[in-house]
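Notes to accompany the following structure.
Residue numbers (UniProt numbering): 1 to 491.
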């Protein structure tokens, strides 16, 4: 279920009534608030600051939660914060307030400058070179993530959307058979928790060297978590979610059904013997294996010798199949942004190409500390490209599906969730609890329980055999299902 069906209104009519064209994106930051942010800069400079950055963030979010098909909780929250980065005589301080009265705000700015003067000297702190800052993010909706119709959603529309996805509601209204609630006697649903949410976030960043950037985005989401119980008292939970920057792009239908299927699929878990298995990691959780790599490429981790990728720039560290892009400027997709928190312009670029490390994430401060050329402060929209060691599995016209991976790996363990664990950032050694299924001859054989996957990140990624084409479009982290050979599992 998407768009009109979710909310019960005439989408075409509402679209016609909304403001059109760039430059008309109102966001939620008012002209008075923007002017106050600008005045913070002049006030700080007059008070003795040498450089200043001001970030004004404002957000509004609404959510409705259901428990077993009935309204359980309604939340509305609004937040506003003014964050200051003060550079004064080789000293640096950060301050934030939600004060809105102009007189009190300017007094806060003056006190912030005086306080900064009391801090220890740090000559590496400065604003970025203006040549590196974004010049094309002035309206706020250049990234195409701002759905103006969010301003027109009424509370009854939210309630209708929340109710439409509930399995209890669907059964009550005859839209699904009652047997789905019991799995023909195999289980009973203990609880179903569903939540619909929508939000708008508006950021305005200014600095004393002339940078001005604005970023506005909306988000619409639906989550479902279902717990089922069996006759022996065992409980199993399943979770699923969907989101979109656009109201018309939110898919609610199927979230609860998927959560129920994931919960019921765990019934009958068996222990497996410890050993080496081929491993396939589902796209819903595969980013867990990419995040440690991204963290290890951060300049602060490198400078503090807390990274397993120290001195890796320009070196082939991983398997040929690992190509990780930062596609920060793919407009209309979650995670897109034109500037980072310093105002530095983002770009589409390879982070790892064919296993070779191409990029570190180095902000202005860490560039001064390490002597490395500055880039951006961090990854915006990580995209791991499809690849297969079996050349017959991949071609320009063919997507690599999860079923292709099962057929290629034949036997192994399909990981659908991680239960705790960690990765040592210095060595790359990891240990994660996992849940999932055994597969044999390319087919599911049954759920597994109480298993750990252990190893080293560099070693693991050198055993990569396939990366699929099934990354979830609703996620900022575009990481598909992944297949690895001969991974250590312990029961």
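Even for Gly, the Cβ is constructed at its ideal location relative to N, Cα and C.
Helix, strand or coil: how does DSSP classify residue 22 here?
Residue mapping note: residue 22 aligns to position 22 of the chain shown, counting from 1. Low confidence applies to residue 22: its pLDDT is 43, below 50, so where it sits in the model is not reliable enough to give any reading.
Helix, strand or coil at residue 115 according to DSSP, with G and I counted as helix:
As a first step, residue 115 is located in the chain shown; it is residue number 115 there, counting from the start. Residue state, collapsed to three classes: helix.
Given 8 Å, three or more beta-carbon pairs between the region 342–358 and the region 375–385
By the Cβ rule, the region 342–358 counts as touching the region 375–385, because three or more pairs are nearer than 8 Å.
Label residue 163 either buried or exposed according to how many other C-beta atoms from any shown protein chain fall within 10 Å of its C-beta, with 16 as the threshold for buried.
One-based indexing of the chain shown puts residue 163 at position 163. Residue 163 is buried by the Cβ-count criterion.
Simplified DSSP assignment, three categories, for residue 46:
The sequence position of residue 46 within the chain shown is 46, counting from 1. It is helical.
If you compare alpha carbons, which of 366, 479, 483 and 474 is closest to residue 223?
Translated into the one-based positions of the chain shown, residue 223 becomes position 223. It is 474 whose Cα lies nearest to the Cα of residue 223.
In or out: residue 348 buried (at least 16 other Cβ within 10 Å) or exposed?
Within the chain shown, numbered from 1, the residue matching residue 348 stands at position 348. Exposed, by the Cβ-count rule.
Quick check: what's the CA-CA separation for residue 95 versus residue 484?
Translated into positions along the chain shown, residue 95 becomes position 95. Translated into positions along the chain shown, residue 484 becomes position 484. Distance between the alpha carbons of residue 95 and residue 484 is about 46 Å.
How many Å lie between residue 283 and residue 480 at the Cα?
Along the chain shown, read from residue 1 onward, the residue named residue 283 stands at position 283. Along the chain shown, read from residue 1 onward, the residue named residue 480 stands at position 480. Residue 283 and residue 480: Cα-Cα distance of roughly 5 Å.
Bridge partners - residue 440, DSSP secondary structure assignment
Stepping through the chain shown from its first residue, residue 440 is reached at position 440. Answer is 443.
Do residue 292 and residue 468 have their beta-carbon atoms positioned less than 8 Å apart in this structure?
Taking the chain shown and counting its residues from 1, the one referred to as residue 468 is at position 468. Taking the chain shown and counting its residues from 1, the one referred to as residue 292 is at position 292. No; because the gap between Cβ atoms is not below 8 Å, this pair is not in contact.
Neighbourhood of residue 320 by C-beta, 7 Å cutoff - its chain only, sequence neighbours within 5 removed
The residue you call residue 320 lines up with position 320 of the chain shown. Here the set comprises 354 and 355.
Would you be able to state if there are at least three C-beta pairs under 8 Å between the region 103–111 and the region 40–58?
A contact is defined here as three or more CB-CB pairs under 8 Å, and the region 40–58 meets this definition with respect to the region 103–111.
Less than 8 Å separating the beta-carbons of residue 159 and residue 64?
As a first step, residue 159 is located in the chain shown; it is residue number 159 there, counting from the start. As a first step, residue 64 is located in the chain shown; it is residue number 64 there, counting from the start. Yes, Cβ-Cβ distance for residue 159 and residue 64 is below 8 Å.
Output the distance between the C-alpha atoms of residue 189 and residue 289, rounded to the nearest integer angstrom.
Walking along the chain shown from the start, residue 189 turns up at place 189. Walking along the chain shown from the start, residue 289 turns up at place 289. For residue 189 and residue 289, the distance between alpha carbons rounds to 32 Å.
Quick one: complete beta strand (DSSP E) runs, 3+ long, within the UniProt domain "Metalloprotease TldD/E N-terminal" (56–114)?
Counting only runs of 3 or more residues that sit fully inside the UniProt domain "Metalloprotease TldD/E N-terminal" (56–114), the beta strand (DSSP E) segments are 70–88 and 91–97, in chain order.
Counted within 10 angstroms of its Cβ, other Cβ atoms place residue 24 as buried (16 or more) or exposed:
As a first step, residue 24 must be located in the chain shown, where it is residue number 24. Below a pLDDT of 50, predicted positions are generally treated as unreliable, and residue 24, at 45, falls in that range; the measurement from the model is reported next regardless. Label assigned to residue 24: exposed.
Among residues of its own chain, excluding the 5 on either side of residue 310, which ones have a beta-carbon nearer than 7 Å to its beta-carbon?
On the chain shown, position 310 is the one that residue 310 refers to. Once the five neighbours on either side are set aside, the close Cβ partners of residue 310 are 302.
Run through DSSP, which three-state label would residue 202 get?
Indexing the chain shown from 1 puts residue 202 at position 202. DSSP places residue 202 in strand when its eight states are reduced to three.
Under the three-state DSSP convention, the category residue 312 falls into:
Along the chain shown, one-based indexing puts residue 312 at 312. Assignment of residue 312 by DSSP, reduced to helix, strand and coil, places it in the coil class.
Got a sec? Which residues, its chain only, sit under 7 Å from residue 438 by beta carbon, not counting five neighbours each side?
In the chain shown, counting from the first residue as 1, residue 438 sits at position 438. Result list for residue 438: 272, 413, 445, 446 and 448, in chain order.
List the endpoints of the continuous beta strand (DSSP E) containing residue 466.
What you label residue 466 is simply residue 466 of the chain shown in a count that begins at 1. It spans 464–467 - the beta strand (DSSP E) in which residue 466 sits, taken as one unbroken run.
Presumed contact (8 Å Cβ cut-off) between residue 367 and residue 326, rounded CB distance
As a position in the chain shown, residue 367 is number 367, starting the count at 1. As a position in the chain shown, residue 326 is number 326, starting the count at 1. That belief does not hold up - the Cβ atoms of residue 367 and residue 326 are roughly 18 Å apart, past 8 Å.
With DSSP as the reference, please indicate the residues paired to residue 387 in a beta bridge.
Here residue 387 corresponds to residue number 387 of the chain shown, with the count starting at 1. Residue 387 is bridged to 467.
DSSP three-state label for residue 376, please.
Counted from its first residue, the chain shown places residue 376 at position 376. Coil at residue 376, not helix or strand.
Exposed or buried, which one is residue 435 when buried takes at least 16 other CB atoms within 10 Å?
Counting from one through the chain shown, the residue named residue 435 turns up at place 435. Using a 10 angstroms sphere on the CB of residue 435, the tally of other CB atoms reaches 16 or more, which defines it as buried.
DSSP puts residue 519 in a beta bridge; with which residues?
No statement about residue 519 is possible, as the shown extent of the chain runs from 1 to 491 and does not include it.
Count the other CB atoms within 10 Å of the CB of residue 453; is the residue buried (16 or more) or exposed (fewer)?
Translated into positions along the chain shown, residue 453 becomes position 453. Here residue 453 is buried. Its C-beta has 16 or more other C-beta atoms within 10 Å.
Note the first and the last residue of the continuous alpha helix (DSSP H) segment covering residue 172.
Walking along the chain shown from the start, residue 172 turns up at place 172. In this chain, the alpha helix (DSSP H) harbouring residue 172 covers 167–172.
Count the other CB atoms, across all protein chains shown, that sit within 10 Å of the CB of residue 22; report buried if there are 16 or more and exposed otherwise.
Numbered from its first residue, the chain shown carries residue 22 at position 22. Low confidence applies here, because residue 22 scores a pLDDT of 43, under 50, leaving its location unreliable; read the following figure in that light. Around the beta carbon of residue 22, fewer than 16 other beta carbons sit within 10 angstroms, so the residue counts as exposed.
Measuring alpha carbon to alpha carbon, tell me which residue in 258, 121 and 431 is nearest residue 456.
Position 456 of the chain shown, counted from the first residue, corresponds to residue 456. Considering only alpha carbons, the answer is 431.
Less than 8 Å between the C-beta atoms of residue 257 and residue 167, yes or no?
What you label residue 257 is simply residue 257 of the chain shown in a count that begins at 1. What you label residue 167 is simply residue 167 of the chain shown in a count that begins at 1. Yes.
Taking its Cβ as the centre, do 16 or more other Cβ atoms sit within 10 Å of residue 30, making it buried, or is it exposed?
Position 30 of the chain shown, counted from the start, is the residue given in the question as residue 30. When all chains shown are included, residue 30 counts as exposed.
Using C-beta distances below 6 Å, list every residue in its chain close to residue 92, excluding the 5 sequence neighbours before and after it, in chain order.
Translated into the one-based positions of the chain shown, residue 92 becomes position 92. By the criterion of a C-beta distance shorter than 6 Å, residue 92 is surrounded in its chain by 122 and 125, once the five residues flanking it on both sides are discounted.
Going by the beta-carbon positions, is the gap between residue 55 and residue 110 smaller than 8 Å?
Stepping through the chain shown from its first residue, residue 55 is reached at position 55. Stepping through the chain shown from its first residue, residue 110 is reached at position 110. No, the pair does not count as a contact, with Cβ atoms beyond the cut-off.
Pick out whichever of 402, 460 and 451 has its Cα sitting closest to the Cα of residue 443.
To locate residue 443, count along the chain shown from 1; it is residue 443. When only C-alpha atoms are compared, the closest one is 402.
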